[in-house]
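Counting from 152, one number per residue, gives the positions in the sequence shown under the working numbering.
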Amino acid sequence: MMSDTLEKKLEQAVWIAHSLFERGKTAGSTANMSFRHEDKIYITASGTCFGTLKKEDFAVIDLNGEVQGDKKPSKEFPLHLSLYQAKEQTGAVIHTHSFYSTIWSCLAHENERDCIPSYTPYLKMKLGTVGLIPYAKPGTEELFKAFRERIKDSDGYLLRNHGPVAGGKNLMDAFYILEELEESAKVAWTLKDCDVQTIQ
């Protein structure tokens, strides 16, 4: 029988997925999300859509990446697993292809360990630094290796030409961080050709 705690986490995950989809922060089956419960990771199953996601649409893996049960996890589950393994405080991870974060990930950046300018204080307050991960095809070991190599250099991530990856202490924390990352990328894109000072 499912515990009340697990059921609440699944309900939160479904709400987050629907909210992101309904507000155009992801489309089709491009996003994936996971959360940790006890010694297992629950991650959206392969081919699922945030717009129609249900509590039953989660695959389960252990902390070594071994699939538990008959549902196939998202092909990008190694990105999530790397965060759980590298940063013990991580309780949830969300990856989308949100518009402004993806645009910002396509540009050249002088500082790839902190690539979004601090025009407002909120990104640093909620997240910290945002690292740019070198491009590799989605779902490939090349991408997962590049991610692992830079995972400790920054607090959040943009996969080049791909989109954001945000981890948090829990599902709502990861959701708030992802939202702030996207809003900060929107501000940065809007001001990229303007003579505006960043804040310290």
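Even for Gly, the Cβ is constructed at its ideal location relative to N, Cα and C.
Name the one or two DSSP bridge partners that M184 has. Bridge pairing for M184: I245 [DSSP].
Identify, in the order they occur along the chain, each residue of the same chain with its Cβ nearer than 7 Å to the Cβ of N321, setting aside the five sequence neighbours on each side. Exclusion of the five residues before and after N321 leaves G242, A243 as the residues of its chain whose Cβ lies within less than 7 Å of its Cβ.
Rounded to whole angstroms, what's the CA-CA distance from K337 to E331? Just pull it up for me. Whole-angstrom Cα-Cα distance: 10 Å.
Got a sec? Which residues, its chain only, sit under 7 Å from Y235 by beta carbon, not counting five neighbours each side? Here the set comprises R187, I192, L214, T241.
Comparing alpha-carbon positions, which option in S269, D346, E189, H313 lies nearest I284? For I284, the closest C-alpha among the options S269, D346, E189, H313 is that of H313.
Quick one: what's got a C-beta closer than 7 Å to T199's C-beta in the same chain, skipping five residues either side? Take T199, set aside five residues on each side of it, and the residues of its chain with a beta-carbon closer than 7 Å to its own are S180, D208, in chain order.
DSSP on P224, reduced to helix/strand/coil? Strand.
Rounded to whole angstroms, what's the CA-CA distance from L171 to E261? Just pull it up for me. Cα to Cα, L171 sits roughly 30 Å from E261.
How would you call L230, buried or exposed, if buried means at least 16 neighbouring beta carbons within 10 angstroms? With 16 or more Cβ atoms within 10 Å of its Cβ, L230 is classed as buried.
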